[in-house]
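Numbering (the UniProt record's numbering), first residue to last: 1 to 288.
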């Protein structure tokens, strides 16, 4: 799996945090209220630890296990975790394509951010099986859904977004990627394994304060589309230049799904207590 630069992750972190679906964030935290103190939150594909910071201060003192393939990002995650006085933590360098049961030992909640649009269906199936076996729930935030809309139109927008979405389905190191289908596929697979699943929209919204991230996103889209060679290069370059020229004067919304999959055992506990999980049979709920 190809790595991400720390600068890109730092730029997107505040946008990620404000995009998260607040209702699902709260429900994920509620699941920890009944978890034993020695249980872990396992953050898969942790990067520099943005998920941990997104859940602070409510998770202060909780045990964390940070998992990533990139030793540089794990080192940065460890440093930032100490700066936040995060408490006990483990940092594991593992190939994310090889989901293993020991990753989830004593896990109460497994988290991931902006991961599953890069992952394969086989990986999601494997993960669901492991989490059902250990009784852990999943909180997966910021799964790209294929929607990109700008406040000012360019004639090539639809063509570029369609080509970008096709590129997102290519292998990113974790098998043929789910890309924009990741949210619905998480829902389908985890429901099949008996989880209660809720989904909520968590769109990025770029404004003038996010111009650097917006520009990097546009450049990244253009590079990805160029690799597909499905668009006229001159048209693509015109789109890129036009979009970059407008990052300070236009807004952009990039759609994502947040997904919360409550483990069967946890669901039964919550039903007894009258907590989230009541009346959730028969398909995923779209959280308000």
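All C-beta atoms in this analysis are idealised placements derived from N, C-alpha and C, irrespective of residue type, glycine included.
DSSP places residue 179 within a helical segment (H, G or I) once states are collapsed to three. According to the DSSP assignment, residue 107 belongs to no alpha helix (DSSP H) but to the beta strand (DSSP E) extending over 107 to 113. Shown here, residue 253 sits in a strand according to DSSP, grouped into three states.
The alpha-carbon of residue 65 is positioned some 15 Å away from that of residue 56. Residue burial is scored here from C-beta neighbours: residue 180 has at least 16 other C-beta atoms within 10 angstroms and is therefore classed as buried. DSSP, reduced to helix, strand and coil, places residue 46 outside both helices and strands of the structure shown, so it counts as coil.
For residue 11, the CB contacts under 7 Å within the same chain, skipping 5 residues up- and downstream, are 212, 213 and 216 in chain order.
Residue 203 places its beta carbon less than 8 Å from that of residue 253. Residue 225 sits buried, since 16 or more C-beta atoms from the chains shown fall within 10 Å of its C-beta.
Counting along the chain, the unbroken alpha helix (DSSP H) around residue 159 starts and ends at 157 to 168. Here residue 174 is not near residue 92, since their CB atoms are 8 Å or more apart. Of all C-beta pairs linking the region 109 to 123 to the region 32 to 43, three or more are shorter than 8 Å, placing the two stretches in contact. Per DSSP, residue 26 is one residue of the alpha helix (DSSP H) stretching across 22 to 33.
With respect to the C-alpha of residue 241, the residue from 257, 218 and 229 having the closest C-alpha is 218. DSSP places residue 195 in the coil class of the three-state scheme, outside both helix and strand. Spatial neighbours of residue 17 in its own chain (CB-CB distance under 7 Å, excluding positions within 5 residues in sequence) are listed in chain order as 54.
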